[in-house]
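Worksheet: the structure to be examined is printed underneath.
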Amino acid sequence: MNILITGCGGFVGSYLAEVELKRGNTVVGVDIADTVKINHLLNNDNFTYCKHSVLEKPLMKSLIKKCDLLYHFAAIADPVIYCKNPMKVLEVDLEATQLMIKLAYKYEKKIVFSSTSEVFGKNPRVPWNEDSDRVLGSTRMNRWSYSTSKAIGEHYCRAYAMEGLKYTILRFFNFYGPRLDFIGTGRVMTCFLDSFFKGKDIEVVEPGDQTRCFTYIDDGIEGILKASEVDNDDFNLGSTHEISIFELAKLMKKVGNFKSDIVFIPAEKKYGEGYDDIPRRVPDCSKAERVLGWKPTISLEEGLEKTIKYYKGFYFGMEYK
Numbered sequence: 205m206n207i208l209i210t211g212c213g214g215f216v217g218s219y220l221a222e223v224e225l226k227r228g229n230t231v232v233g234v235d236i237a238d239t240v241k242i243n244h245l246l247n248n249d250n251f252t253y254c255k256h257s258v259l260e261k262p263l264m265k266s267l268i269k270k271c272d273l274l275y276h277f278a279a280i281a282d283p284v285i286y287c288k289n290p291m292k293v294l295e296v297d298l299e300a301t302q303l304m305i306k307l308a309y310k311y312e313k314k315i316v317f318s319s320t321s322e323v324f325g326k327n328p329r330v331p332w333n334e335d336s337d338r339v340l341g342s343t344r345m346n347r348w349s350y351s352t353s354k355a356i357g358e359h360y361c362r363a364y365a366m367e368g369l370k371y372t373i374l375r376f377f378n379f380y381g382p383r384l385d386f387i388g389t390g391r392v393m394t395c396f397l398d399s400f401f402k403g404k405d406i407e408v409v410e411p412g413d414q415t416r417c418f419t420y421i422d423d424g425i426e427g428i429l430k431a432s433e434v435d436n437d438d439f440n441l442g443s444t445h446e447i448s449i450f451e452l453a454k455l456m457k458k459v460g461n462f463k464s465d466i467v468f469i470p471a472e473k474k475y476g477e478g479y480d481d482i483p484r485r486v487p488d489c490s491k492a493e494r495v496l497g498w499k500p501t502i503s504l505e506e507g508l509e510k511t512i513k514y515y516k517g518f519y520f521g522m523e524y525k
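Under my numbering, the residues of the sequence shown are numbered 205 to 525, in order.
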C-alpha cells in the first residue's frame, strides 16, 4: 500500500511511519518539522519525506491522489501554544483538517484522523466513552481552541461520510515514550525531565491533583493499526491507569533516581493567560478492546524506565534514534 502520513516528523507520526515501512508499505511523510525524529528512515527507498506545510493545497492534492490510505496526524498539540497563539492552532488543527477531509473525499481515499482526548473537555463524569458529552470552558479561554478544532474535524468526517467518505477517528490519551518532544519543551514528561537533568525544582502546576492516563507509544501504535482497518467508527485509545501530575513527578523522580525537589506553581506562570485545566482525564477503552481486541500492556513504570533511559542518552550527547 501507499501510505501518506501528515505530521510524519512528529512523535506519533514518526513511529507510525517506521511500523508501516516494516509492514512492507511505501510511506510518504509530510511535515514542516526537521527530520531529527525520522533520520533513521531517510535511507529507506520506500520512504519519502516532504518538508512542507499541509496547508499547501496543490501539493496535498497530488499526494492524496496517489495514496491508498491517509493518516492525518499533523496538529499543534502544545498547551502553551493553545494559550499564546490560538491562530496557529486554528490554522493547523482546523483549516488543514478541513482540507485533508475534503481532498480525501474528492479522491475517494480513506482518512484516519487523530482527534484528541481533549474533545471531552472538563466533563466530570469519568471515565469517558466514545459517546460521552463535551463540557468546555468559555470561548474567552484560548485553551479550548485545540479541543474545538479537533471536534469540528470529527464532525467533518461524519458529515462527509454521509456522502461516501471512509474514515476512522482516534482519540489518543497522552501517548509518551522515546522521541516524545525535545527536552524542556512540549508535554509534561519532557518538561519535567529537563528540570530533573539540570537538578532544578520540578514545577507542578497547581493544584497538582489533576489526573491523566499515560499510554506507551508501542501500545498506541498497535491500537492505531488495528483501528485503521475499521471503517466509519471512532475509538478512544489509552491506558486506564489514572495518576495525578504530582504523583507522576514523584514516580519519575523514583524511576530516574533523580534528586530534584517538587514544587507547585500557578498555571499563569507556565501557560500565561487563557488557560483552563482539566481536572480528570480518564478513558473508557472497552470499545477498543471489544471491537479491536486491543488494550495496553506496558505499565507506566516500565514505560517511564524506557523513556528516561532514552532521554538520559539524548541529554548527554546522543541523537534521536
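The beta carbon of each residue, even a glycine, is placed where N, CA and C say it ideally should be.
Per DSSP, the continuous alpha helix (DSSP H) segment holding HIS359 begins and ends at 348-365. According to DSSP, residue pairing for ASP438 in a beta bridge involves ILE373.
In this structure, GLY424 sits away from LEU496, with a CB-CB distance that is not shorter than 8 Å. A distance below 8 Å separates the beta carbons of LEU274 and VAL316. Residue LYS513 holds the alpha-carbon nearest to the alpha-carbon of ARG383 among VAL231, LYS513, TYR479. Annotated three-state conformation of HIS276 is strand, per DSSP. In the DSSP assignment, ASN378 forms no beta bridge with any residue. Here DSSP, grouped into helix, strand and coil, assigns LYS269 to helix. Contiguous alpha helix (DSSP H) elements confined to the region 452-487 occur at 471-475, taking only those with 4 or more residues. Looking at SER319, VAL392, VAL284, the one whose alpha-carbon comes closest to that of TYR360 is SER319.
Secondary structure remark: continuous beta strand (DSSP E) runs of at least 3 residues inside the region 284-329, in chain order: 314-318. The beta carbon of PHE450 is closer than 6 Å to those of VAL408, GLY412 in its chain, skipping five residues each way along the sequence.
With 16 or more neighbouring CB atoms inside 10 Å of its own CB, ASN440 falls in the buried class. Comparing alpha-carbon positions, the option among LYS261, GLY233, LYS458 lying closest to THR252 turns out to be GLY233.
Between TYR371 and LYS314, the CB-CB gap stays under 8 Å.
DSSP, reduced to helix, strand and coil, places VAL339 within a strand of the structure shown. Annotation for THR394: the continuous alpha helix (DSSP H) segment containing it runs 392-402.
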